[in-house]
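J.: In the working numbering, the protein residues as written are 492 to 641. Ideal Cβ positions, reconstructed from N, Cα and C, are used throughout, including at glycine. Right, I'll just put the structure down here and ask away after.
Here it is as structure tokens:
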């Protein structure tokens, strides 16, 4: 195997075998690099889809939070209107004190049934509309209350 004098390989050792082993190792190393690149490509595709899903979820949660605020504001305003015996002036784009960026509109008008022409009915309808801007778009929530006029 090894000569102790000069620490060189013996001539008995098969150098074609050693050369063949090195070429096989080089090919195996290249194959491992290709495997790593394919794994990184697959991982990047999976992570991209996960990140886009998380981003979409954040937008949905933000939108639902604003929708919930609008719903609470409309119901609170309707309850105040009912407590005042359905009296009060109409409102047009009144800013909300509780939720900045939200605007309240209240419109009271005589009730007309959309399918039947029943003639004059002693009923009124009050619409409360809450508007806000979300990602550059105007959004609204509408709450309608129909009641007998007094």
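Quick one: which unbroken alpha helix (DSSP H) runs of 4-plus residues sit fully inside the segment 515-600? Chain order, please.
T.: List check, alpha helix (DSSP H) in window: nothing returned.
J.: Taking the alpha carbon of residue 589 as the reference point, which residue from 617, 565, 638 has its own alpha carbon closest?
T.: It is 565 whose Cα lies nearest to the Cα of residue 589.
J.: Express the C-alpha separation of residue 560 and residue 613 in angstroms, rounding to a whole number.
T.: Rounded to whole angstroms, residue 613 to residue 560 spans 33 Å at the Cα level.
J.: In this structure, how does DSSP classify residue 641 when only helix, strand and coil are distinguished?
T.: Looking at residue 641 - three-state DSSP - the assignment turns out to be coil, as it is neither helix nor strand.
J.: Is residue 636 closer than 7 Å to residue 622 when the C-beta atoms are compared?
T.: Against a cut-off of 7 Å, the Cβ pair of residue 636 and residue 622 comes out as no contact.
J.: May I ask which residues mark the beginning and end of the beta strand (DSSP E) holding residue 625?
T.: Run containing residue 625: 614-625, per the beta strand (DSSP E) assignment.
J.: Name the DSSP bridge partner or partners of residue 629?
T.: According to DSSP, which records beta bridges pairwise, residue 629 is partnered with 624.
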